[in-house]
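>
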Amino acid sequence: MPVLQDGDFYVWESHAICKYTCRKNKPELLKEGNLKESAMVDVWLEVEAHQYTATLEPIILECLVRPMFGRATDQKTVEDNLVKLKKVLEVYEARLTKCKYLAGDFLSLADLNHVSATACLAATPYASLFDAYPHVKAWWSGLMARPSVQMIAALKKPYFHNSV
């Protein structure tokens with residue numbers, strides 16, 4: 579379980595840690611000054627956690643983690659989750675035809691929270707999956723053009739040799 583210590587204060591769970599660090603250092607990524615924009619950030623943070631990353635994690639586990647420990651990939655698990663992920667990407671594609679980023683026409687934590695898992699996807703045989711979704715691909719390419727995102731994605735490279 580991830581834990582952040584800030585002085586004598588502790589916060590745990592990855593989304594709580596991300597929100598805490600944004601509130602402390604980069605509050606504009608949460609759009610808390612605008613009720614509707616903030617709500618959209620929250621919506622897409624939930625979608626990321628419960629739809630997007632929830633379907634990516636089994637793919638990453640099967641394609642990257644299990645082989646690191648000499649275990650075989652369960653291709654049925656991969657295929658089942660690819661079907662789910664493609665449905666999620668259809669929703670993302672529809673959303674990104676209307677705005678540049680997930681929560682609106684502004685970069686937010688909702689976008690940035692996708693970086694870690696998506697960087698891992700790039701090290702799998704399914705790295706080209708976004709090619710079928712032009713708006714998703716453009717969104718991801720735009721994120722990857724940011725130096726801070728490149729730095730986060732690069733943290734995955736020592737673990738996964740085909741990484742971003």
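Its first residue numbered 579, the sequence shown is counted upward by one per residue in this note's numbering.
For glycine and all other residues, C-beta sits at the position ideal for the given N, C-alpha and C.
Predicted model only: the values in this text are computed from it and were never measured.
For my contact list, L663 and T633 are in at a C-beta cut-off of 8 Å; report their separation, rounded to the angstrom.
Contact holds; Cβ gap of about 4 Å.
> Could you give the uninterrupted runs of the alpha helix (DSSP H) lying entirely in the stretch 663 to 693, keeping only those of 4 residues or more?
Those alpha helix (DSSP H) runs which fall completely within the stretch 663 to 693 and span 4+ residues are 687 to 690.
> Which of the three DSSP states, helix, strand or coil, is assigned to L608?
Three-state DSSP puts L608 in coil, outside helix and strand.
> Of all the options E640, T655 and V656, which has the alpha carbon lying nearest to the alpha carbon of R649?
With distances taken between Cα atoms, R649 lies closest to E640.
> Check each candidate in A732, H692 and I730 and name the one with the smallest Cα separation from W718.
For the residues A732, H692 and I730, the minimum Cα distance to W718 belongs to H692.
> Give the DSSP-derived three-state secondary structure of Y598 in the structure shown.
Reduced to three states, the DSSP call for Y598 is helix.
> Between Q728 and F647, what straight-line distance do the alpha-carbon atoms span, to the nearest angstrom?
Each residue's alpha carbon lies about 27 Å from the other.
> Can you have a look at K676 and say buried or exposed, based on whether 16 or more other CB atoms are within 10 angstroms of its CB?
Classification of K676: exposed, given that the 10 Å Cβ count is below 16.
> What's the C-alpha gap between H713 and L674?
H713 and L674: Cα-Cα distance of roughly 6 Å.
> Please identify the residue among I730, S686, E668 and V619 whose C-alpha is closest to the C-alpha of A695.
Measuring from the Cα of A695, the nearest candidate turns out to be I730.
> Can you tell which of Y588, L721 and K602 has the C-alpha that lies nearest to the C-alpha of K678?
Looking at the Cα atoms, L721 is the closest of the given residues.
> Taking 8 Å as the threshold (beta carbon to beta carbon), is K609 in contact with chain B?
The structure shown has no chain B; it contains just one protein chain.
> Just the C-alpha distance for D584 and E671, rounded to the nearest angstrom, thanks.
When rounded, the distance between both Cα atoms is 38 Å.
> Does DSSP classify Y630 as helix, strand or coil?
Helix at Y630.
> Is it buried or exposed, S706, if we count other Cβ atoms within 10 angstroms and call 16 or more buried?
Looking at its Cβ environment, which holds fewer than 16 other Cβ atoms inside 10 Å, S706 is exposed.
> For S726, which of A594, E635 and L687 has the nearest alpha-carbon?
Of the listed residues, the one whose Cα sits closest to S726 is L687.
> Nearest to V656 by CA position, among L642, L667 and V589, is which residue?
Out of L642, L667 and V589, L642 has the C-alpha closest to the C-alpha of V656.
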